[in-house]
Amino acid sequence: KKNLIVFGTRPEAIKMAPLVKEFLKHEHHFETKVCITAQHREMLDQVLEFFEITPDYDLDLMKPDQNLYSLTAEIITNLKPVLEGFKPDYVYVHGDTTTTMAASIAAFYSGAKVCHIEAGLRTFNKWSPFPEEINRSITGRISDFHFSPTETSRKNLQKENVNDKDIIVTGNTVIDALHFSTAKVQSENFVDQEIEKLKPLIKEGKRLVLVTGHRRENHGQGFINICSALKQIAIENSGTQIIYPVHLNPNVQKPVYELLGDIDNVKLISPLSYPAFVWLMNQSYIIITDSGGVQEEAPSLGKPVLVMRDTTERPEAVDAGTVLLVGIDIKKIVLETERLLNDDDAYAQMGKLHNPYGNGLACEKIVNFISNL
Ligand code: UDP
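Here it is as structure tokens:
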């Protein structure tokens with residue numbers, strides 16, 4: 003059987019890399035090829051290098067004036083020759099990006115079976131997150147097999163009348179990636195220059211607040227509020243060190259560098275490679291983010307997460323008490339961050355190790371399922 007695994011952004015690459023590796027262990031059963039759309043070029047390449055994956059097809063679609071219309075059209079058009087040339091039986095897409103949605107449409111046109119990894123996440127609000135909620139819903143409608151990370155996501159799909167036998171609960175492949183990364187970083191001859199450069203930024207006796215943010219719905223006023231809140235936290239809490247690897251999107255870079263550029267205890271840095279970011283998550287006291295993947299990784303590291311959104315398609319960690327939604331309200335972000343910084347009991351409660359996202363065997367389950375078809 004022939005597999006084509008398609009992805010385009012950093013988070014998809016992190017979560018698909020362990021699946022690529024798992025399929026490559028079964029080369030006698032499957033011919034597996036990787037196609038990247040490179041919707042996010044630089045941050046994607048860092049991940050491929052760490053996981054030692056060389057794509058078979060690189061559509062190289064990142065453009066400076068990229069927009070959702072042209073990107074969607076380009077992905078579908080450029081996948082046609084790949085699909086017609088390789089003729090995969092199964093096409094694997096991940097999550098909720100433009101690549102996910104457009105590649106699943108192209109795969110459907112080609113007649114391949116569409117396999118959706120991280121299937122069934124929903125906010126049930128078509129505008130939030132934009133355009134992700136609609137991307138994953140469209141892909142869900144097209145997919146033949148739905149690999150859901152949790153029972154909650156299985157139930158979401160059942161409500162949309164997806165046949166139960168086509169939904170497989172696997173855990174999230176991000177936990178597989180986290181295990182791979184931890185093992186590689188701890189291996190004897192692994193030296194990471196980025197981690198070495200980060201070490202001097204961790205100030206003895208200071209609590210580290212790690213920040214990430216990129217979501218389209220927060221562009222504009224959202225990031226202005228987020229930066230104002232971070233500025234207030236930094237000024238009011240001199241015993242705190244904020245480190246913020248800033249996403250490369252210009253809509254993020256501009257407000258962040260303008261508003262937080264010269265504050266002593268705020269360090270703005272370039273996006274980190276995956277192992278360096280995992281290392282930094284481990285060093286941190288609190289994580290403030292609007293990222294999806296970080297909401298899944300942090301609970302398994304015992305780190306409390308404040309999410310700068312009003313809603314989440316990942317309610318499991320919120321229910322478990324390790325993730326709190328704070329929206330983009332300046333007062334709320336400051337209040338909840340300072341509560342965690344100053345109230346040890348509240349901190350201990352939220353930092354409790356509770357990982358609802360699986361045991362690192364998601365990819366094995368996916369490959370077993372496909373092998374038995
Ligand atoms: N991440 C990374 N370097 C960074 C920031 C994040 O490798 O500087 C990783 C993080 O560990 C997680 C993923 O990127 O696995 C999250 O990506 P992002 O927040 O861009 O997207 P989302 O998860 O919201 O789709």
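In full-length UniProt numbering, the protein residues as written are 3 to 375. Glycine included, C-beta positions come from ideal geometry on N, C-alpha and C.
### Task
May I have a chain-ordered list of the beta strand (DSSP E) segments no shorter than 3 residues that lie completely inside the segment 240-269?
242-247
### Query
Taking 8 Å as the cut-off, is the CB of Lys269 close to at least one heavy atom of the ligand UDP?
Position 267 of the sequence shown, counted from the start, is the residue given in the question as residue 269. Not under cutoff, so the answer is no.
### Message
Helix, strand or coil, according to DSSP, for Lys199 in the structure here?
### Response
Position 197 of the sequence shown, counting from 1, holds the residue named residue 199. It is helical.
### Message
I want to check one thing, is the minimum distance from the CB of Ser293 to the heavy atoms of the ligand UDP below 8 Å?
### Response
Looking up residue 293 in the sequence shown gives position 291. Yes.
### Message
For Asn357, tell me which candidate among Gly304, Leu180, Pro277, Lys367 has the shortest Cα-Cα distance.
### Response
Along the sequence shown, read from residue 1 onward, the residue named residue 357 stands at position 355. It is Gly304 whose Cα lies nearest to the Cα of Asn357.
### Message
Residues in the same chain with beta-carbon distance under 7 Å from Glu299, minus the five sequence neighbours each way, listed in chain order, please.
### Response
Residue 299 sits at position 297 when you count from the first residue of the sequence shown. Hits under 7 Å: Val176, Leu180, Met283.
### Task
Quick one: residues in its chain with C-beta nearer than 6 Å to the C-beta of Cys117, no 5 flanking neighbours on either side, listed in chain order?
Within the sequence shown, residue 117 is the residue found at index 115, counting from 1. The answer, listed in chain order, is Tyr92, Tyr94, Phe147.
#### Entry: CB contact check: Leu6 to chain B, cutoff 9 Å
This model lacks chain B altogether; it includes just one protein chain.
### Task
Give the secondary structure of Thr291 by DSSP, where H, G and I count as helix, E and B as strand, and everything else as coil.
Start at 1 with the first residue of the sequence shown, and residue 291 comes out as number 289. Strand.
### Message
Taking 8 Å as the cut-off, is the C-beta of Gln48 nearer than that to any heavy atom in the ligand UDP?
### Response
Along the sequence shown, one-based indexing puts residue 48 at 46. Gln48 Cβ: within cutoff of the ligand UDP.
#### Entry: Within the segment 49-128, ranges of the beta strand (DSSP E) (whole runs, at least 3 residues)
92-96, 115-119
### Message
Taking 8 Å as the cut-off, is the C-beta of Ser286 nearer than that to any heavy atom in the ligand NAP?
### Response
As far as ligands go, the structure on display features the ligand UDP and does not contain the ligand NAP.
#### Entry: Given 8 Å, three or more beta-carbon pairs between the segment 153-172 and the segment 185-204
no
### Message
Alpha carbons only, please: which of Lys167, Arg43, Met352, Asp58 is nearest the one belonging to Gly66?
### Response
One-based indexing of the sequence shown puts residue 66 at position 64. A small correction: the amino acid at residue 66 is Pro; Gly does not occupy that position in the sequence shown. Here the closest residue by C-alpha is Arg43.
### Query
Do Asn267 and Lys208 come within 9 Å of each other at the CB atom, strictly closer than that value?
On the sequence shown, position 206 is the one that residue 208 refers to. On the sequence shown, position 265 is the one that residue 267 refers to. Yes, they are a contact pair.
### Query
Since Ser150 sits in a beta bridge, which residues does DSSP pair it with?
Along the sequence shown, one-based indexing puts residue 150 at 148. Looking at the DSSP assignment, Ser150 forms a beta bridge with Val171.
### Query
In the DSSP assignment, what are the bridge partners of Lys35?
If you number the sequence shown from 1, residue 35 lands on position 33. Note: Lys35 sits in a beta bridge opposite Leu6.
### Message
Could you check if residue 379 belongs to the surroundings of the ligand UDP, using beta carbon to heavy atom distance under 8 Å?
### Response
Any answer about residue 379 is impossible in this case: the structure gives the chain only from 3 up to 375.
### Task
Go ahead and pull the three-state DSSP assignment for Ile204.
If you number the sequence shown from 1, residue 204 lands on position 202. The answer is coil: DSSP assigns Ile204 none of H, G, I, E or B.
### Task
Using 8 Å as the cut-off, classify the Cβ of Ile16 as near or not near the heavy atoms of the ligand UDP, replying yes or no.
The residue given as residue 16 occupies position 14 in the sequence shown. Yes, since a heavy atom of the ligand UDP falls inside the 8 Å radius drawn around the Cβ of Ile16.
### Message
For the ligand UDP, is there any heavy atom lying closer than 8 Å to the beta carbon of Ala19?
### Response
Residue numbering aside, residue 19 sits at position 17 when the sequence shown is read from its first letter. The answer is no for Ala19.
### Message
According to DSSP, simplified to helix, strand and coil, what is Leu375?
### Response
Taking the first residue of the sequence shown as position 1, residue 375 is located at position 373. In this structure, Leu375 counts as coil in the three-state DSSP scheme.
### Message
Going by beta-carbon coordinates alone, are Arg12 and Val49 separated by less than 9 Å?
### Response
As a first step, residue 12 is located in the sequence shown; it is residue number 10 there, counting from the start. As a first step, residue 49 is located in the sequence shown; it is residue number 47 there, counting from the start. Yes; because the gap between Cβ atoms is below 9 Å, this pair is in contact.
### Task
With hydrogens ignored, establish whether the beta-carbon of Leu355 is closer than 8 Å to any heavy atom of the ligand UDP.
Within the sequence shown, the letter at position 353 stands for residue 355. Checking the Cβ of Leu355 against the ligand UDP gives no.
### Task
Could you tell me the distance, in whole angstroms, from the CA atom of Val22 to the CA atom of Leu123?
Within the sequence shown, the letter at position 20 stands for residue 22. Within the sequence shown, the letter at position 121 stands for residue 123. Spanning the two alpha carbons is a distance of roughly 22 Å.
### Query
Among Asn69, Thr100, Glu134, His28, which one has its Cα closest to the Cα of Val8?
Residue mapping note: residue 8 aligns to position 6 of the sequence shown, counting from 1. It is Thr100.
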